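The block underneath contains the structure these notes are about, expressed in structure tokens.
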Amino acid sequence: GEEVAQTPKHLVRGEGQKAKLYCAPIKGHSYVFWYQQVLKNEFKFLISFQNENVFDETGMPKERFSAKCLPNSPCSLEIQATKLEDSAVYFCASSTHKNQPQHFGDGTRLSIL
Amino acid sequence: AQSVTQPDIHITVSEGASLELRCNYSYGATPYLFWYVQSPGQGLQLLLKYFSGDTLVQGIKGFEAEFKRSQSSFNLRKPSVHWSDAAEYFCAVGAQGSQGNLIFGKGTKLSVKP
Numbered sequence: 038g039e040e041v042a043q044t045p046k047h048l049v050r051g052e053g054q055k056a057k058l059y060c061a062p063i064k065g066h067s068y069v070f071w072y073q074q075v076l077k078n079e080f081k082f083l084i085s086f087q088n089e090n091v092f093d094e095t096g097m098p099k100e101r102f103s104a105k106c107l108p109n110s111p112c113s114l115e116i117q118a119t120k121l122e123d124s125a126v127y128f129c130a131s132s133t134h135k136n137q138p139q140h141f142g143d144g145t146r147l148s149i150l
Numbered sequence: 255a256q257s258v259t260q261p262d263i264h265i266t267v268s269e270g271a272s273l274e275l276r277c278n279y280s281y282g283a284t285p286y287l288f289w290y291v292q293s294p295g296q297g298l299q300l301l302l303k304y305f306s307g308d309t310l311v312q313g314i315k316g317f318e319a320e321f322k323r324s325q326s327s328f329n330l331r332k333p334s335v336h337w338s339d340a341a342e343y344f345c346a347v348g349a350q351g352s353q354g355n356l357i358f359g360k361g362t363k364l365s366v367k368p
């Protein structure tokens, strides 16, 4: 598609539950980036993919967070055993090259109760 | 450490007035710079980008920005603000040879008075 599509728009989970977020990049874009936007507008880089391969995972918490980009499927970001501090808006972005402008989706607002 | 500073948390301007949003960066490598705009509940929309060449770059919606290497700045400007410009504005920096992930400022909220 012509836009980065993120689903769901809003996800509510109880503490300790699993959360799974999805992202369909723009067709033809081979790079996918995940960012976490917390209170006070701080963006934190989580992970990036080049096609289905992890490109940079230096921002991913070592525990509980995982992500995949499989062929012919939306990319996903999964959080196991969610904590209150995971509440944030998670943005996905895609680009044609790692240093080209990133096009962002509308985000998934994750609320942990 | 790499960082982006947007000194103004909130700016209010009158409709029709000019606008300048400040952005300063600290980056070891040759930077490339972006301005994004975020409306409530929306994602980030790219306004403009600087990679190299002419230091004054034009973007969408009548915005422009000027890269000043000596001041490590990339300020966003618009000569006449419209009410629809009210939003949150983010400056971001990446670098040639980096892994591609962007470093964002904390944003400047723009309010427009009638």
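So the protein lines, in turn, are chains A and B.
For the first sequence, the working numbering begins at 38 and goes up steadily by one.
For the second sequence, the working numbering begins at 255 and goes up steadily by one.
Backbone N, C-alpha and C fix where the C-beta goes; we use that ideal spot for every residue, glycine too.
The structure presented is a predicted model; accordingly, all values stated were derived computationally and were not measured.
With a cutoff of 8 Å on beta-carbon distance, Ser365(B) and His264(B) are scored as near each other. Contacts with chain A (Cβ-Cβ distance below 9 Å) from the stretch 342–360 of chain B involve Glu342, Phe344, Ala346, Gly348, Ala349, Gln350, Gly351, Ser352, Gln353, Gly354, Asn355, Leu356, Ile357, Phe358, Gly359, Lys360, listed in chain order. With a cutoff of 8 Å on beta-carbon distance, Arg331(B) and Leu273(B) are scored as near each other. Close CB contacts of Val291(B) within its chain, under the 6 Å cut and outside five residues either way in sequence, are with Gln299, Leu301, Ala341, Tyr343 (chain order).
Listed by position along chain B, the residues whose Cβ is nearer than 8 Å to that of Gly142(A) are Gly297.
Residue ranges of uninterrupted beta strand (DSSP E) with 3 or more members, entirely inside the stretch 53–107 of chain A and ordered along the chain, are 56–61, 68–74, 80–87, 90–93, 102–105. Rounded to the nearest whole angstrom, the C-alpha separation of Leu107(A) and Gly313(B) is 34 Å. The Cβ of Glu39(A) sits no closer than 8 Å to any Cβ of chain B. In this chain, Phe317(B) is not harboured by any beta strand (DSSP E), its DSSP state being neither H nor E. Between Tyr72(A) and Gln87(A), the C-beta spacing is not below 8 Å. Distances from the alpha-carbon of Ala125(A) to those of Thr266(B), Gly295(B), Pro261(B) put Gly295(B) closest. Pro285(B) counts as buried, since no fewer than 16 other beta carbons sit within 10 angstroms of its beta carbon. Bridge partners of Val366(B) according to DSSP: Val267(B). Distance between Thr309(B) and Glu320(B), taken at the CA atoms: about 6 Å. The stretch 38–45 of chain A makes no contact with the stretch 89–99 of chain A, as fewer than three CB pairs between them are under 8 Å.
Phe128(A) places its beta carbon less than 8 Å from that of Gln74(A). Residues of the stretch 282–312 of chain B with a Cβ closer than 9 Å to any Cβ of chain A, in chain order: Tyr286, Phe288, Tyr290, Gln292, Gly295, Gln296, Gly297, Leu298, Gln299, Leu300, Lys303, Phe305.
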